[in-house]
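In the numbering used here, the protein residues as written are 70 to 276.
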């Protein structure tokens, strides 16, 4: 399954990558502003789909589902379609099926993929936003389909050796704090670029 890379009607636009430590005081504002600049370039008719990849069975790999559950609790936005929460995670066993479902259900969706990753010691705790799809499972030698027009990743631990064990032994506090920052930034950016629905009934769709 192939995803369109770049913005609809702006295929030559390069997205400047962002990498920022989640504990910095200005991170929530800068991350939200960066995401807002991306979403504001999309046509209003293009659906935005957020796929939060990961599993609640691994501390380090739970970043995606935690972000999804955070959005599910706090977001009341029109035209946001969310896949991947703690209750209904998107992981290695159902990712291909979910990707196929999204391609059938939506016409040219703009897909934001959220996932945990491993990196260098100096990068642990950093949040990254970059153009193009992420490759879920690459750090633990799993062959999964690439996902996303853009991807948001959180570096939760050190990579390079015994990745599966490292993910299992990642601090939950770190992952939850990063998930809250990412979830808040996504919510804020989308709220500023989409019409807010002022009702008690959520317009967010969980499929």
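We treat Cβ as the ideally placed atom computed from N, Cα and C, and that holds for glycine. Since the model is a prediction, treat every value here as computed from it, not as a measurement.
For a test of the three-state rule: what should DSSP assign to residue 100, helix, strand or coil? Three-state result, residue 100: helix.
Exercise for review: Could you check the C-alpha separation between residue 103 and residue 111 for me, to the nearest Å?
Suggested key: Straight-line spacing of the CA atoms in residue 103 and residue 111 works out to 14 Å.
- Query: Using CA coordinates, which residue listed in 242, 177 and 220 is at the minimum distance from residue 194?
  - Reply: Ranking 242, 177 and 220 by Cα distance to residue 194 puts 242 first.
CA-CA distance, residue 166 and residue 204?
Per the coordinates, the alpha-carbon of residue 166 lies some 16 Å from the alpha-carbon of residue 204.
- Any chance you could list the alpha helix (DSSP H) runs of at least 4 consecutive residues sitting entirely within the region 213 to 269, in chain order? Runs found: 232 to 237 and 241 to 262.
When the Cα atoms are used, what is the spatial distance from residue 121 to residue 153? Approximately 5 Å between the Cα atoms of the pair.
Item to complete: Excluding the 5 residues preceding and the 5 following residue 164 in the sequence, name in chain order all residues of the same chain whose CB lies nearer than 8 Å to its CB.
Response: Excluding sequence positions up to five before and after residue 164, its CB lies within less than 8 Å of the CB of 122, 205, 213, 214 and 216, all in the same chain and listed in chain order.
>> Using only the alpha-carbon positions, how far apart do residue 183 and residue 114 sit?
In response: Their Cα atoms are separated by approximately 22 Å.
query: Where DSSP assigns a beta bridge to residue 184, which residues make up the other side?
result: Per DSSP, the beta-bridge partners of residue 184 are 222.
Next item on the list: List the whole-angstrom C-beta distance separating residue 90 from residue 258, where the pair is believed to meet the contact cut-off of C-beta under 8 Å.
Entry: In this structure residue 90 is not in contact with residue 258, their Cβ atoms being roughly 19 Å apart against a cut-off of 8 Å.
Exposure of residue 109, with buried meaning 16 or more beta-carbon neighbours within 10 Å:
Flag for residue 109 reads exposed.
field: Cut-off 7 Å between Cβ atoms - residues of its own chain near residue 125, not counting five sequence neighbours on either side
entry: Take residue 125, set aside five residues on each side of it, and the residues of its chain with a beta-carbon closer than 7 Å to its own are 131, 134, 155 and 158, in chain order.
Roughly how many angstroms lie between the CA atoms of residue 116 and residue 150, to the nearest whole one? Answer to the nearest angstrom: the Cα atoms are 8 Å apart.
Restricting to Cα atoms, I'd like to know which of 237, 137 and 146 is closest to residue 263. Of 237, 137 and 146, the residue nearest in Cα terms is 146.
Secondary structure of residue 197, DSSP reduced to three states: Reduced to three states, the DSSP call for residue 197 is strand.
Using only CA atoms, which one of 231, 107, 127 and 180 lies nearest to residue 160? Ranking 231, 107, 127 and 180 by Cα distance to residue 160 puts 127 first.
_Less than 8 Å between the C-beta atoms of residue 256 and residue 143, yes or no?_
The answer is yes: Cβ separation under 8 Å.
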